[in-house]
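Notes for the one structure printed next.
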Amino acid sequence: MDTISAPVLPPKAAAASPGPIETDAVVVGAGPVGLFQVFELGLLEIKAHVVDSLPAVGGQCVELYPDKPIYDIPAVPICTGQELTDSLLKQIEPFGATFHLNQEVSLVERRDDGRFNLETSLGTRFITKTIFVAAGVGSFQPRTIKVDGIDQFEGKQLFYRVKDASRFHGKNLVICGGGDSALDWALDLVGKAESIVLLHRREEFRAAPASVAKMKQLCDDYQMQFVVGQVTGFETREERLSEIKVTGPDGVTRRLPLDQLLVFFGLSPKLGPIAEWGLEIERKQLKVDTEKFETNVPGIFAVGDINTYPGKKKLILSGFHEAALAAFGAARYIFPDKKIHMQYTTTSPKLHKILGVETPVFD
């Protein structure tokens, strides 16, 4: 997987609106769980608008790890984050969701009629009956390297994410970090880069043991190097980053020449304006029930990595389950006088009509 496809374009981008948009549902977050929330709402004939702070759909999967394999999506043995996003977009096509990208929700307030006023950082306004927070870890930013002046090389020789792995082929790389991302990219780029030095502040790793073992074997085979230490300075040549200064546990500072510096120190999650909505928060996550995945504010639901409850597991498949129950929980606000019946996509003519497929005839 040396190259990745272009970011997915949303099926329907928002047009300028002079007044507030009245809708049944607003989904905050266009990652995999947010996209599947659109699907589950669509099956109940609930149309959704989707707001995301990123410029493209796919959330963390596409923004940070578009080319990394995912193995635990039911009935899909392997797919990349980009491929999963593409499939979800195709799945929600029948429902005509409208996307509002590159903006975050800046205001949520309850109206006298029970609905919500919702406004984004770009001034897009909604009047909505329900809100689904599927914002992953919130507004996330990579943790940066703390060396004065080195930020001038960001996007040129200093990178916190990999969008096109081919740009690092044939280069002398230093990869910083001790988690799965650092190990995964070091292993992926071995044999493609001119040289790789993995730099971590200690001998122990937070990555999968199999990855650590493979990395150490490659070091024994002289295919890459592992150095213990931290970046404490850098040198330039002709206004380009040419060397980093690395201080080891022995206190000695050594120099490592390089073409590119990749830093994977993890993400710094920030709830941002969500923290001001009056929702019950526990360790930067939104507390929900496990019947409807509703927050303490009636009509506001939270699904995926943004929520917390006893036994919570941060898995995409868990988020899909939560989205299904949240959609049914929201239906009572949207259709207060309508009894919602459970139907199956396999056999329901009504759902086949909604999905735009023919009803199969069984012998």
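Remember, my numbering sits 254 above the position in the sequence shown when you count from 1. Using N, Cα and C, we set each Cβ at its ideal position, and we do this for glycine too.
{"Check": "CB-CB length for residue 351 against residue 292, believed under 8 angstroms", "Outcome": "5 angstroms"}
{"Check": "Beta-carbon contacts of residue 534 that lie in its chain and below 8 angstroms, excluding the five residues immediately before and after", "Outcome": "540, 541, 549, 550"}
{"Check": "Contiguous beta strand (DSSP E) assignments of at least 3 residues, all confined to the region 540–592", "Outcome": "554–556"}
{"Check": "Whole-angstrom distance between residue 557 and residue 472, CA atom to CA atom", "Outcome": "40 angstroms"}
{"Check": "Beta bridge counterpart(s) of residue 485 as assigned by DSSP", "Outcome": "500"}
{"Check": "Residue burial classification, residue 567 (beta-carbon count within 10 angstroms, cutoff 16)", "Outcome": "exposed"}
{"Check": "Secondary structure, alpha helix (DSSP H): runs of 4+ residues fully inside the region 301–351", "Outcome": "313–317, 335–346"}
{"Check": "The region 503–516 / the region 407–414 touching (three or more Cβ pairs under 8 angstroms)", "Outcome": "yes"}
{"Check": "Own chain residues within Cβ distance below 6 angstroms of residue 298, not counting five before or after", "Outcome": "581, 585"}
{"Check": "Spatially closest choice to residue 459 from 589, 444, 338, 481, by CA coordinates", "Outcome": "481"}
{"Check": "DSSP three-state assignment for residue 279, whether helix, strand or coil", "Outcome": "strand"}
{"Check": "Delimiting residues of the beta strand (DSSP E) encompassing residue 603", "Outcome": "Where residue 603 is concerned, there is no enclosing beta strand (DSSP E), although the alpha helix (DSSP H) it sits in stretches over 603–609."}
{"Check": "Cβ-based burial, residue 505 [other Cβ within 10 Å; buried from 16]", "Outcome": "exposed"}
{"Check": "Proximity to residue 369 [Cα-Cα], best of 278, 404, 437", "Outcome": "278"}
{"Check": "Pick from 600, 583, 421 that is closest to residue 592, judged by C-alpha positions", "Outcome": "583"}
{"Check": "Extent of the continuous alpha helix (DSSP H) to which residue 287 belongs", "Outcome": "286–297"}
{"Check": "Nearest-angstrom Cα separation, counted from residue 334 out to residue 612", "Outcome": "30 angstroms"}
{"Check": "N-terminal and C-terminal residue of the alpha helix (DSSP H) that residue 471 is part of", "Outcome": "463–474"}
{"Check": "Which of helix, strand or coil DSSP assigns to residue 421", "Outcome": "helix"}
{"Check": "Contact set for residue 256: own chain, Cβ-Cβ below 8 angstroms, skip 5 residues either direction", "Outcome": "The pLDDT assigned to residue 256 is 37, lower than 50, so where the model puts this residue is not dependable; a value taken from the coordinates is nonetheless given after this. Only 419, 420, 423, 446 meet the Cβ criterion."}
{"Check": "Cβ neighbour criterion (16 or more within 10 Å) applied to residue 259", "Outcome": "A caution first: residue 259 carries a pLDDT of 41, below 50, which makes its placement in the model too unreliable to give a value."}
{"Check": "Rounded Cβ spacing between residue 355 and residue 310 (contact assumed at less than 8 angstroms)", "Outcome": "7 angstroms"}
{"Check": "Buried/exposed call for residue 400, threshold 16 Cβ in 10 Å", "Outcome": "exposed"}
{"Check": "Assigned secondary structure, residue 404 (DSSP; H/G/I helix, E/B strand, else coil)", "Outcome": "helix"}
{"Check": "Reduced DSSP secondary structure (H/G/I, E/B, other) of residue 515", "Outcome": "strand"}
{"Check": "Cβ pair residue 385, residue 304 closer than 8 angstroms", "Outcome": "no"}
{"Check": "Alpha carbon of residue 614 to alpha carbon of residue 603, nearest angstrom", "Outcome": "9 angstroms"}
{"Check": "Contact test: residue 496 Cβ vs the ligand FAD heavy atom, cutoff 7 angstroms", "Outcome": "Summarising the ligand content, the structure contains no ligands, and the ligand FAD is consequently not present."}
{"Check": "Residue 324 versus 576, 574, 456, 569, residue with shortest Cα-Cα distance", "Outcome": "569"}
{"Check": "Three-way DSSP call (helix, strand, coil) for residue 363 in this model", "Outcome": "strand"}
{"Check": "Check whether residue 500 and residue 484 have beta carbons under 8 angstroms apart", "Outcome": "yes"}
{"Check": "Of the residues 371, 436, 525, the one placed nearest residue 381, counting alpha carbons only", "Outcome": "371"}
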